[in-house]
Amino acid sequence: MPSAKEGPTDMTTERLLMRQVREILRLKYEQHLPHRAIALACGVGLGTVSAYCQRARQAGLTWPLPADWDDGQLEGRLFQRVGDVVGVPRPLPDMAWVHQELKRAGVTLQRLWLEYLERQPEGYRYSQFCLHYRRWARTLAPTMRQVHRAGEKVFVDFSGKKPSIIDAATGELTAVELFVGALGASSYVYAEACPSQALVHWISAHVRMVEYFQGCPAIFVPDNLLSGVTQACRYEPIINRTYLDFAQFYGAAVVPARSGHARDKAVVEANVLVAQRWILAAVRNHRFFSLAELNTAIWVLLDVLNGRLRKNLGVSRRELFEQLDRPTLRPLPTTRYEVAEWRDATVNIDYHVAVEHNYYSVPYQLLHQRVEARLTAATAELFLKGRRVASHRRLWGRGQYATDPAHMPHAHRAHAEWTPSRLIAWAETTGPATAQLVTAILATKPHPEQGYRACLGIMRLSKAAGAARMDAACARALHLGAPSYRTVQNILSSGLDRVPAESAPSEPPPLPAHPNIRGSAYYTGEEAPQCSLTPPPTR
Numbered sequence: 002m003p004s005a006k007e008g009p010t011d012m013t014t015e016r017l018l019m020r021q022v023r024e025i026l027r028l029k030y031e032q033h034l035p036h037r038a039i040a041l042a043c044g045v046g047l048g049t050v051s052a053y054c055q056r057a058r059q060a061g062l063t064w065p066l067p068a069d070w071d072d073g074q075l076e077g078r079l080f081q082r083v084g085d086v087v088g089v090p091r092p093l094p095d096m097a098w099v100h101q102e103l104k105r106a107g108v109t110l111q112r113l114w115l116e117y118l119e120r121q122p123e124g125y126r127y128s129q130f131c132l133h134y135r136r137w138a139r140t141l142a143p144t145m146r147q148v149h150r151a152g153e154k155v156f157v158d159f160s161g162k163k164p165s166i167i168d169a170a171t172g173e174l175t176a177v178e179l180f181v182g183a184l185g186a187s188s189y190v191y192a193e194a195c196p197s198q199a200l201v202h203w204i205s206a207h208v209r210m211v212e213y214f215q216g217c218p219a220i221f222v223p224d225n226l227l228s229g230v231t232q233a234c235r236y237e238p239i240i241n242r243t244y245l246d247f248a249q250f251y252g253a254a255v256v257p258a259r260s261g262h263a264r265d266k267a268v269v270e271a272n273v274l275v276a277q278r279w280i281l282a283a284v285r286n287h288r289f290f291s292l293a294e295l296n297t298a299i300w301v302l303l304d305v306l307n308g309r310l311r312k313n314l315g316v317s318r319r320e321l322f323e324q325l326d327r328p329t330l331r332p333l334p335t336t337r338y339e340v341a342e343w344r345d346a347t348v349n350i351d352y353h354v355a356v357e358h359n360y361y362s363v364p365y366q367l368l369h370q371r372v373e374a375r376l377t378a379a380t381a382e383l384f385l386k387g388r389r390v391a392s393h394r395r396l397w398g399r400g401q402y403a404t405d406p407a408h409m410p411h412a413h414r415a416h417a418e419w420t421p422s423r424l425i426a427w428a429e430t431t432g433p434a435t436a437q438l439v440t441a442i443l444a445t446k447p448h449p450e451q452g453y454r455a456c457l458g459i460m461r462l463s464k465a466a467g468a469a470r471m472d473a474a475c476a477r478a479l480h481l482g483a484p485s486y487r488t489v490q491n492i493l494s495s496g497l498d499r500v501p502a503e504s505a506p507s508e509p510p511p512l513p514a515h516p517n518i519r520g521s522a523y524y525t526g527e528e529a530p531q532c533s534l535t536p537p538p539t540r
């Protein structure tokens, strides 16, 4: 049993101790027994009986005790310190004020006690000041006992109970998630409905939350869901790459709660329950046909919730937010965070990486390197060891290529710079016949790219021969019905481009007469065949 100097330590000990105290006082003042007899009767030491009787005299207790006194009142009188003389009033500090001030940066109980003494010089000494505060703090809910610094932490989680929306076409009811975030010092709440717990919705909710707070805390404290923590660990958790990128954008850190320790995030656990009671319960009989419609109703109720007075503290969450968190939150960046997803990839032999079924180029010197891809709704960025090496417009669908010519080897680049339209446009600057011939070459190939090499060869011939000769050579090749690089090359090398096209025979010369050659009349029956059957000469 604890000694009389220590006082009661828990509820069971307190009840036993108070019963013994009452019995000791009864035997002392009603039966007038000596202390040794009282000690034997109560089963305690002689010194304990003497100490309790001395405390009773100092506290001015007489027998019988008042009938309306309970054990708590007896304890409060009996275990006062010797210096706390009964009958001398001492003003108690405002415990709600002490509790809230402790959340400010650098504020301690000793600092608050000194300020209390400035206002109340006859107030409690430091040890009694601390004792009264701790007794008051024990009356709060267990999840409220943590002391959180202003602007330091925001706790985030999804509610176990979910709202729902209705498909206007089918009438199908679809459950959605309720995201809840709460600041540690003021318990200022943010809530919104999300389609799912997917990473993009998780990050988007965080972005809207810090915009609702008009500032960013120093630390985000999530649960160990996969969107926030890739691998849970008590000592070195692995934070999701996108979530970490989001936190770094706002200059904050991510410190997940320990797995299975709900009290690590007691603030949000309590406020999830508050959101369920004051938001979900309020809309339970309403029908919503879209997420936007549901969130509009949630945000109206959220303003009401943050404006309600809190019973234990006598102030609202909004008032505490303005006093504590608002001045210490970090200002938001000038640009809004764009949700980005990260993927690991390897550079293939064609200096492209495959990301989400599409292909993005990187400098060809990075063949076979491992890179990271950062995907937003508009861009795809590629990083090597934290350094950005490529940026492309985001491709959607499957099997598409995004190739930066600067990433290609010189030989590939020279070939890839040409397109059918560009080749034809060049040919038109040389002459109309050249344009017709280039168009004919591209049209005769199953794929236009197969004709690029021939067209580039014609371009090289044009640089040597000049535009006039090239156009004349192309006109002759078209006239001959042979639109090809080799035909043009032969015409230029033989000088036929200088021969007017009109002087060239338009029809092949007639065949010479010969008895062994049948004419067309032979096949129409108009003329009998004329052939000689002279036998060969004999030797």
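Just so you know, we're using my numbering here: the sequence shown kicks off at 2 and counts up by one. Cβ atoms here follow ideal geometry from the backbone N, Cα and C, with glycine treated the same way.
- Gly48 and Pro92 do not touch by the CB rule: their CB atoms are close to 35 Å apart, not below 8 Å.
- Here His480 is exposed, its C-beta having fewer than 16 other C-beta atoms within 10 Å.
- Of Gly216, Phe289, Arg470, Tyr191, the smallest CA-CA separation from Asn272 is found for Tyr191.
- Relative to Pro334, the option among Glu212, Ala293, Ala282 whose CA is nearest is Glu212.
- Beta bridge pairing from DSSP links Arg389 with Phe384.
- Residue pairing of Leu376 in beta bridges, as defined by DSSP: Glu342, Ala381.
- Between the alpha carbons of Gln198 and Val157 lies a gap of roughly 12 Å.
- If you look at Phe250, you'll find it in the alpha helix (DSSP H) that goes 242-250.
- The region 182-190 and the region 315-331 touch, with no fewer than 3 CB-CB distances between them shorter than 8 Å.
- For Ala434 against Cys475, the beta-carbon gap comes to about 4 Å, under 8 Å, which counts as contact.
- If you keep only unbroken alpha helix (DSSP H) runs of at least 4 residues inside the region 189-235, you get 200-214.
- Fewer than three beta-carbon pairs drawn from the region 279-291 and the region 237-247 are found closer than 8 Å, and the two stretches are therefore not classed as touching.
- Contact between Ala276 and Asp224 is ruled out by a C-beta separation of about 15 Å, above the 8 Å threshold.
- When DSSP reads this structure, Leu184 sits in a beta bridge with Val155.
- In this structure, the alpha-carbon of Thr336 lies about 21 Å from that of Val255.
- Where Tyr453 is concerned, the enclosing alpha helix (DSSP H) starts and stops at 453-466.
- Straight across, the Cα-Cα distance linking His411 with Arg454 is about 16 Å.
- The three-state reading of DSSP puts His33 in coil, since its state is none of H, G, I, E or B.
- Per DSSP, reduced to three states, the secondary structure at Asn359 is strand.
- Residue pairing by DSSP places Glu178 opposite Cys195 in a beta bridge.
- Listed as beta-bridge partners of Leu310 by DSSP are Ser317.
- DSSP places Ile425 inside the alpha helix (DSSP H), whose first and last residues are 421-431.
- Taking C-beta atoms under 8 Å as the contact rule, Leu376 and Val363 fail to qualify, at a distance of about 15 Å.
- Counting only the Cα atoms, Met409 lies some 30 Å from Arg487.
- Counting C-beta atoms within 10 angstroms of its own C-beta, Leu368 has fewer than 16 neighbours from the protein chains shown and is therefore classed as exposed.
- Linking Ala483 to Cys456 through their CA atoms gives a straight-line distance of about 14 Å.
- The C-beta of His287 has fewer than 16 other C-beta atoms within 10 Å across all chains shown, which makes the residue exposed.
- Contact annotation: the region 49-61 touches the region 26-36, with at least three C-beta pairs closer than 8 Å.
- By the criterion of a C-beta distance shorter than 6 Å, Pro501 is surrounded by no residue of its chain, once the five residues flanking it on both sides are discounted.
- Here Thr440 carries a helix assignment [DSSP, helix/strand/coil].
- In the DSSP assignment, the residues bridged to His353 are Ser362.
- Around the beta carbon of Asn313, fewer than 16 other beta carbons lie within 10 angstroms, which makes this residue exposed.
- Taking the Cβ atoms as the reference, Leu179 lies roughly 6 Å from Pro164, within the contact range of under 8 Å.
- Apart from sequence neighbours up to five positions away, the residues of its chain that approach Arg395 with a beta-carbon distance below 7 Å are Leu376, Thr377, Ala378, Ala379, Thr380, Ala381, ordered along the chain.
- Secondary structure of Arg394 (DSSP, three-state): strand.
- For Arg331, the secondary structure class from DSSP, reduced to helix, strand or coil, is strand.
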